[in-house]
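Protein chains in written order, with the numbering used here: chain Z, 1 to 334; chain V, 335 to 668. Backbone N, C-alpha and C define an ideal beta-carbon position, used for all residues, glycine too. Reading through the structure tokens given below for one structure.
Protein chains: 2
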Amino acid sequence: MARVTIRDVAKEAGVSTTTVSHVINETRFVEEKTRAKVNEAIATLGYRVNIAARSLRAGRSQTIGLIIPDAANLFFAEYLRKIEDFGFKAGYNVIVCNTDNETDKEAAYIDALVSKQVDGVILISSGSDPETLNPLISHDVPFVIADREFSADVADVVSLDNEQAGFDVTNYLLNLGHRKIGCITGPNNFSPSIQRLNGFIRAHKEWGIPYDPEHITSGKFTLSSGFSAFDWIWQNNSKPSALFVFSDMMAIGAINNAITKGLDVPKDISVVGFDNIELAEAFAPSITTFNQPIEKMAETIVELLTDRIKHKSANRRRIVFRGSLIIRESTTKY
Amino acid sequence: MARVTIRDVAKEAGVSTTTVSHVINETRFVEEKTRAKVNEAIATLGYRVNIAARSLRAGRSQTIGLIIPDAANLFFAEYLRKIEDFGFKAGYNVIVCNTDNETDKEAAYIDALVSKQVDGVILISSGSDPETLNPLISHDVPFVIADREFSADVADVVSLDNEQAGFDVTNYLLNLGHRKIGCITGPNNFSPSIQRLNGFIRAHKEWGIPYDPEHITSGKFTLSSGFSAFDWIWQNNSKPSALFVFSDMMAIGAINNAITKGLDVPKDISVVGFDNIELAEAFAPSITTFNQPIEKMAETIVELLTDRIKHKSANRRRIVFRGSLIIRESTTKY
DNA sequence: CTGAAAGCGCTTACAG
DNA sequence: CTGAAAGCGCTTACAG
């Protein structure tokens with residue numbers, strides 16, 4: 001079966017391809033009767049617009065790229081899901097790209113996306129240096145940066161107030177009476193992680209309580225890295241009574257390790273996670289965590305991107321969300 | 335900055351566009367010296383092939399579609415991740431489509447994918463009736479079906495031997511001495527679920543032990559549906575001593591509910607999950623489960639699809655994987 | 001209210 | 001070993 005083109009439709013309906021195109025795209029008035037004929041022809045022939053042709057001619061592909069570290073990580077998986085939902089509602093398909101935070105992979109994906117004429121790109125937690133983004137800038141591809149700060153003012157940005165979040169969690173633990181609080185951060189070059197740690201430090205300063213650098217280590221946001229990080233912290237002579245872990249997945253790994261060591265959570269050690277993934281509630285013990293309003297953030301990201309696609313030279317926007325602490329079973333008074 | 339085209343490269347290198355194209359695609363021999371000039375021109379101009387144009391002309395978009403129920407579900411998230419990895423390695427980007435098992439959504443996505451001239455489509459656990467796939471067939475778009483049986487012989491298929499898996503798990507529990515085994519299945523119209531239940535029934539038959547239909551209910555593979563399903567099972571006067579749950583996510587929900595009810599897993603009730611997602615090992619208690627070799631399956635799916643793209647009329651293939659039981663803490667002798 | 005025609009940037013059959 | 005040129009299927013400025 002040969003492809004049905006707009007010419008076939010035009011012939012079948014007895015009109016020009018111009019008219020067919022305008023009916024499809026609703027780009028100019030077409031008489032009701034003519035429109036009906038065209039739609040009928042489309043239906044009988046089973047016509048589908050060829051996006052490659054449209055993309056070549058009109059320069060829009062109705063496709064956006066989503067660059068994330070790892071779709072198999074629940075936090076990013078939820079993000080991906082929501083972005084795809086809102087994107088599809090707005091008329092876009094999304095190409096997913098997993099970078100594992102490797103600059104080379106990110107660069108390769110950006111290359112491919114530029115070649116594919118995507119209408120825009122969303123970067124979540126992109127760990128790479130700004131140079132990697134140059135192809136997007138030079139080819140004038142709109143993009144939105146989420147979950148990561150960039151010093152250069154190159155794009156719209158959506159983020160969480162990570163410093164405040166770090167402060168809130170630490171303040172909560174100090175309020176519970178904990179005086180030795182450990183910390184499993186994210187990768188050290190990752191800005192949300194740095195900011196949460198800044199909040200952690202500020203809370204200690206405001207309380208006039210010192211923190212022990214030996215109780216702070218970094219993980220990779222994965223379950224297993226949380227497990228190992230706990231080993232590192234627990235080898236010290238001085239043990240913390242509470243732990244602030246920068247992702248729920250790592251918190252699950254850490255709690256699991258603690259349980260393996262015969263410890264009780266929260267009696268022996270309180271643990272706070274981050275993200276509020278669905279599992280945090282279902283895990284035993286359920287995990288006290290800091291909620292990121294992912295759905296709302298995903299919606300905002302897609303909105304900013306579609307706006308940017310329409311108005312390339314509009315003023316840049318930076319939208320900062322405030323999350324909230326969700327108290328569950330994994331924490332208790334000291 | 336205007337788009338750099340193949341003509342600009344040709345002019346810069348002092349050759350024809352034909353030669354540039356052949357250098358890029360390695361489709362015919364080009365003298366080393368000429369090739370060098372072309373590559374140099376590409377580099378200095380920052381040329382990137384326009385995939386829309388190539389797609390229109392050559393009919394290949396280097397893009398495949400992935401249709402899954404829900405990328406936020408860890409099992410599918412791991413699938414997605416692996417398929418994207420293998421796909422990208424093979425030179426394809428993947429467009430992700432979340433259907434929530436709704437026929438309308440699946441149809442809308444298939445429409446969009448056909449319009450986008452994707453080179454192929456992968457359907458994981460597609461719950462829809464075969465009619466939804468008609469646009470793929472009529473437009474001659476290669477596709478592979480995974481994790482779902484289709485009566486019609488329309489595509490290459492990759493699946494797990496679900497009947498055997500159901501038998502193996504049930505046989506294991508019977509061997510442990512359990513005589514009242516409950517079951518939380520997947521949706522009733524979902525073939526892997528039906529087959530696992532068939533295996534469950536066969537094991538009971540071979541042992542000459544009856545099972546109680548009141549102990550069998552269905553969930554939607556989500557954590558919360560596993561939680562609710564346990565309520566339903568536990569309201570019976572006759573309680574099972576073991577539970578075979580058709581996904582780890584549902585198993586986590588069920589275990590969580592059991593713990594909430596003051597039960598001990600596995601002392602009061604043994605629980606077996608399915609899939610062996612990363613979390614099954616980390617959960618407390620760690621979950622006995624049936625391992626699906628996702629990575630290998632994902633690799634095979636991508637291989638079948640890329641082969642099919644190259645040889646549209648080759649013989650259809652059906653590859654069935656055998657999984658294996660992984661014994662952990664959530665099960666014990668009766 | 002509608003149409004004829006140019007052209008987007010490639011690939012490839014044909015030619016030498 | 002390389003090139004001139006047609007054409008993929010659309011959209012849209014121009015015209016009436």
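Exercise for the section: Compare the beta carbon distance of asparagine 384/V and serine 228/Z with 9 Å and say whether it is the shorter of the two. Expected result: Counting from one through the second sequence, the residue named residue 384/V turns up at place 50. Counting from one through the first sequence, the residue named residue 228/Z turns up at place 228. No, the pair does not count as a contact, with Cβ atoms beyond the cut-off.
Exercise for the section: List the residues that DSSP assigns as beta-bridge partners of alanine 576/V. Expected result: The residue given as residue 576/V occupies position 242 in the second sequence. The partner list for alanine 576/V (beta bridge, DSSP) reads Ile515/V, Ser604/V.
Practice task
Closer than 7 Å by beta-carbon distance: list the chain V residues that pair up with lysine 33/Z, in chain order.
Solution key: Position 33 of the first sequence, counted from the first residue, corresponds to residue 33/Z. By Cβ distance, chain V contributes nothing, its closest Cβ being about 26 Å from lysine 33/Z, past 7 Å.
Practice task
Kindly provide the ranges of any beta strand (DSSP E) runs that are 3 or more residues long and lie completely inside the segment 339-422 of chain V, ordered along the chain.
Solution key: 397-402
Practice task
Could you check the C-alpha separation between arginine 394/V and phenylalanine 422/V for me, to the nearest Å?
Solution key: As a working mapping, residue 394/V is identified with position 60 in the second sequence. As a working mapping, residue 422/V is identified with position 88 in the second sequence. Between arginine 394/V and phenylalanine 422/V, the C-alpha separation is close to 15 Å.
Problem - As assigned by DSSP and simplified to three states, the class of methionine 335/V - result: Residue mapping note: residue 335/V aligns to position 1 of the second sequence, counting from 1. With a pLDDT of 46 at methionine 335/V, under the threshold of 50, the modelled position of that residue is not reliable, and the figure given next carries that caveat. It is coil, neither helix nor strand.
Exercise for the section: With DSSP collapsed to three states, give me the class of valine 154/Z. Expected result: Position 154 of the first sequence, counted from the first residue, corresponds to residue 154/Z. Coil, per DSSP.
Handout entry: Three or more C-beta pairs below 8 Å linking the segment 63-70 of chain Z and the segment 489-502 of chain V
Key = no
Problem - Pair within 9 Å by beta-carbon distance, phenylalanine 624/V and aspartate 502/V - result: Taking the first residue of the second sequence as position 1, residue 624/V is located at position 290. Taking the first residue of the second sequence as position 1, residue 502/V is located at position 168. Yes; because the gap between Cβ atoms is below 9 Å, this pair is in contact.
Problem - Presumed contact (8 Å Cβ cut-off) between valine 354/V and alanine 344/V, rounded CB distance - result: Residue mapping note: residue 354/V aligns to position 20 of the second sequence, counting from 1. Residue mapping note: residue 344/V aligns to position 10 of the second sequence, counting from 1. That pair is a contact at about 5 Å.
Exercise for the section: Measuring only between beta-carbons, confirm whether serine 449/V sits less than 9 Å from chain Z. Expected result: Taking the first residue of the second sequence as 1, we reach residue 449/V at position 115. With 9 Å as the cut-off, serine 449/V counts as an interface residue toward chain Z.
Problem - Of the residues Ile535/V, Ala406/V, Thr352/V, the one placed nearest proline 547/V, counting alpha carbons only - result: Taking the second sequence and counting its residues from 1, the one referred to as residue 547/V is at position 213. The residue with the shortest Cα to Cα distance from proline 547/V is Ile535/V.
Problem - Close beta carbons around arginine 7/Z, own chain, < 7 Å, minus the five adjacent residues each side - result: By one-based count along the first sequence, residue 7/Z stands at place 7. Closer than 7 Å at the Cβ level, and outside the excluded window around arginine 7/Z, lie Thr17.
Problem - Local conformation of valine 430/V per DSSP, three classes - result: Here the question's residue 430/V lines up with position 96 in the second sequence. Of the three classes helix, strand and coil, the one that applies to valine 430/V here is strand, per DSSP.
Problem - Nonlocal neighbours in the same chain, by C-beta distance under 7 Å from isoleucine 635/V, ignoring five residues either side - result: Here the question's residue 635/V lines up with position 301 in the second sequence. These residues qualify, in order along the chain: Ile417, Ile456, Val478, Ala480, Val492.
Handout entry: chain Z contact for leucine 408/V (CB, 9 Å cutoff)
Key = For this step, residue 408/V is matched to residue 74 along the second sequence. Closer than 9 Å: yes.
Handout entry: For valine 475/V, three-class secondary structure by DSSP
Key = Position 141 of the second sequence, counted from the start, is the residue given in the question as residue 475/V. Valine 475/V: coil per DSSP, three-state reduction.
Practice task
Identify the contact partners of glutamate 214/Z in chain V, using a Cβ-Cβ distance below 7 Å as the criterion.
Solution key: Here residue 214/Z refers to the residue found at position 214 when the first sequence is read from its first residue. Correct list: empty, because the minimum Cβ distance to chain V is about 25 Å.
Exercise for the section: Determine, using beta carbons only, whether threonine 331/Z and tyrosine 172/Z come nearer to each other than 9 Å. Expected result: Residue mapping note: residue 331/Z aligns to position 331 of the first sequence, counting from 1. Residue mapping note: residue 172/Z aligns to position 172 of the first sequence, counting from 1. For threonine 331/Z and tyrosine 172/Z, yes; Cβs fall inside 9 Å.
Problem - Member of Asn162/Z, Asp111/Z, Thr185/Z whose CA lies at the smallest distance from the CA of serine 247/Z - result: Translated into the one-based positions of the first sequence, residue 247/Z becomes position 247. For serine 247/Z, the nearest C-alpha among the options comes from Thr185/Z.
Handout entry: Separation of asparagine 432/V from serine 193/Z, as counted between CA atoms
Key = Reading the first sequence from its first residue, position 193 is the one you call residue 193/Z. Reading the second sequence from its first residue, position 98 is the one you call residue 432/V. Between serine 193/Z and asparagine 432/V, the C-alpha separation is close to 30 Å.
Problem - Contact check, histidine 680/V vs proline 574/V, beta carbons under 9 Å - result: The first residue shown for chain V is 335 and the last is 668, placing residue 680/V beyond what the model contains.
Problem - Exposed unless 16 or more other CB atoms sit within 10 angstroms - verdict on asparagine 101/Z - result: One-based indexing of the first sequence puts residue 101/Z at position 101. Buried, because 16 or more other Cβ atoms sit within 10 Å of the Cβ of asparagine 101/Z.
Practice task
Using only alpha-carbon positions, find the residue among Ser459/V, Asp641/V, Gln569/V, Lys514/V that is nearest to proline 521/V.
Solution key: Within the second sequence, the letter at position 187 stands for residue 521/V. Of Ser459/V, Asp641/V, Gln569/V, Lys514/V, the residue nearest in Cα terms is Ser459/V.
Exercise for the section: Step through the CB atoms of chain Z and report whether any lies within less than 9 Å of the CB of serine 604/V. Expected result: Within the second sequence, residue 604/V is the residue found at index 270, counting from 1. Output row for serine 604/V: interface = no.
Practice task
Could you please give me the residues that DSSP links to phenylalanine 290/Z through a beta bridge?
Solution key: One-based indexing of the first sequence puts residue 290/Z at position 290. Answer is Leu325/Z, bridged to phenylalanine 290/Z.
Exercise for the section: Ignore the nearest five residues each way along the sequence and tell me which others in serine 472/V's own chain have a CB closer than 8 Å to its CB. Expected result: Counting from one through the second sequence, the residue named residue 472/V turns up at place 138. Correct list: empty, nothing qualifies.
Problem - Inter-residue Cα distance where the pair is serine 191/Z and glycine 127/Z - result: In the first sequence, counting from the first residue as 1, residue 191/Z sits at position 191. In the first sequence, counting from the first residue as 1, residue 127/Z sits at position 127. When rounded, the distance between both Cα atoms is 9 Å.
Exercise for the section: List the DSSP bridge partners of leucine 613/V. Expected result: For the purposes of this step, residue 613/V is taken as residue 279 along the second sequence, with counting starting at 1. Bridge partners of leucine 613/V: none, in fact.
Problem - Member of Pro293/Z, Ile327/Z, Glu299/Z, Asn257/Z whose CA lies at the smallest distance from the CA of glutamate 281/Z - result: As a position in the first sequence, residue 281/Z is number 281, starting the count at 1. The shortest C-alpha separation from glutamate 281/Z is found at Ile327/Z.
Practice task
Would you list the residues sitting across from leucine 457/V in a DSSP beta bridge?
Solution key: In the second sequence, counting from the first residue as 1, residue 457/V sits at position 123. Partner(s): Ile401/V, Ile479/V.
Practice task
Label glycine 262/Z either buried or exposed according to how many other C-beta atoms from any shown protein chain fall within 10 Å of its C-beta, with 16 as the threshold for buried.
Solution key: Stepping through the first sequence from its first residue, residue 262/Z is reached at position 262. So glycine 262/Z ends up on the exposed side.
Exercise for the section: Inspect the beta-carbon positions of valine 96/Z and alanine 71/Z and report whether they are closer than 9 Å. Expected result: As a position in the first sequence, residue 96/Z is number 96, starting the count at 1. As a position in the first sequence, residue 71/Z is number 71, starting the count at 1. In this structure, alanine 71/Z lies closer than 9 Å to valine 96/Z by Cβ.
Exercise for the section: For arginine 391/V, count neighbouring Cβ atoms within 10 angstroms of its own Cβ and tell me buried if that reaches 16, exposed if not. Expected result: By one-based count along the second sequence, residue 391/V stands at place 57. Label assigned to arginine 391/V: exposed.
Practice task
Counting only the same chain and skipping the five closest in sequence on each side, list residues whose C-beta sits under 7 Å from that of asparagine 532/V.
Solution key: Indexing the second sequence from 1 puts residue 532/V at position 198. Counting only Cβ-Cβ distances below 7 Å, and skipping sequence neighbours, we find Glu497, Gly500.
Handout entry: Residue-level contact to chain Z via CB, glutamine 626/V, 9 Å cutoff
Key = The sequence position of residue 626/V within the second sequence is 292, counting from 1. Output row for glutamine 626/V: interface = no.
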